[in-house]
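Worksheet for the structure shown next.
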Amino acid sequence: MEGALDEARKDLPHDLFDRMSRLALIKLQVYRERPQLYRFLVRCLSDPAVSAEWRRRQQQAADRAMEAFFKDVDTSRLRPGVSLEQALALITLLNEGLFPRLMARVLQSRDLGYSEMEELVQEWRSYMFLLRDGLYRQDT
Numbered sequence: 001m002e003g004a005l006d007e008a009r010k011d012l013p014h015d016l017f018d019r020m021s022r023l024a025l026i027k028l029q030v031y032r033e034r035p036q037l038y039r040f041l042v043r044c045l046s047d048p049a050v051s052a053e054w055r056r057r058q059q060q061a062a063d064r065a066m067e068a069f070f071k072d073v074d075t076s077r078l079r080p081g082v083s084l085e086q087a088l089a090l091i092t093l094l095n096e097g098l099f100p101r102l103m104a105r106v107l108q109s110r111d112l113g114y115s116e117m118e119e120l121v122q123e124w125r126s127y128m129f130l131l132r133d134g135l136y137r138q139d140t
């Protein structure tokens, strides 16, 4: 996964939401190519014994990656007074709220959501675009 993300880093869009969407699509492609990795990650996230430690480590990795992946994001489209840090914090809150709902769907699926991956990503993207429309200036 990290290799695919590192490879894509140099060609990422400068728009915050376009970049996040591109990163999600890269992950989707990796999961399509490596279904075993996808199933392993879902099982780790759904096992309470593993989940807390896994999330802690994932958060640490995400914090490290955040600086690299978002250091050259174009913030000119953000509403006046909205910083990149605030936008990312709001996005994180939305993701934390969506996670249990999407994970419940994944766990109810016969194949741990593998056949629904694209639909789940599209649902996530629809919420991101709603959030984008609230965070961006209306004149852009």
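In my numbering, the protein residues as written are 1 to 140. In this text, a Cβ means the ideal position worked out from N, Cα and C, and glycines have one as well. In this text, all values refer to a predicted model and were calculated from it rather than measured experimentally.
What residue does the alpha helix (DSSP H) around residue i start on, and which one ends it?
i: D63; result: 48 to 70
i: L88; result: 84 to 108
Would you decide whether residue i is buried or exposed? Buried here means 16 or more other CB atoms lie within 10 Å of its CB.
i: F17; result: buried
i: R132; result: buried
i: L130; result: exposed
i: V50; result: exposed
Taking the alpha carbon of residue i as the reference point, which residue from the options has its own alpha carbon closest?
i: L23; options: Q36, M66, L135; result: M66
i: E33; options: M117, D11, F70, W54; result: M117
i: D72; options: G134, P13, L102; result: P13
Between the beta-carbon of residue i and the beta-carbon of residue j, is there less than 8 Å?
i: L151; j: Y127; result: Residue 151 cannot be examined here, being either before or after the span of the chain that is shown, 1 to 140.
i: R125; j: S46; result: no
i: Y114; j: Y38; result: yes
i: L188; j: V121; result: Only positions 1 to 140 of the chain appear in this structure, which leaves residue 188 out of reach.
Closer than 8 Å is the cut-off here; do at least three beta carbon pairs connect the stretch 82 to 90 with the stretch 98 to 109? The stretch 82 to 90 vs the stretch 98 to 109: no contact.
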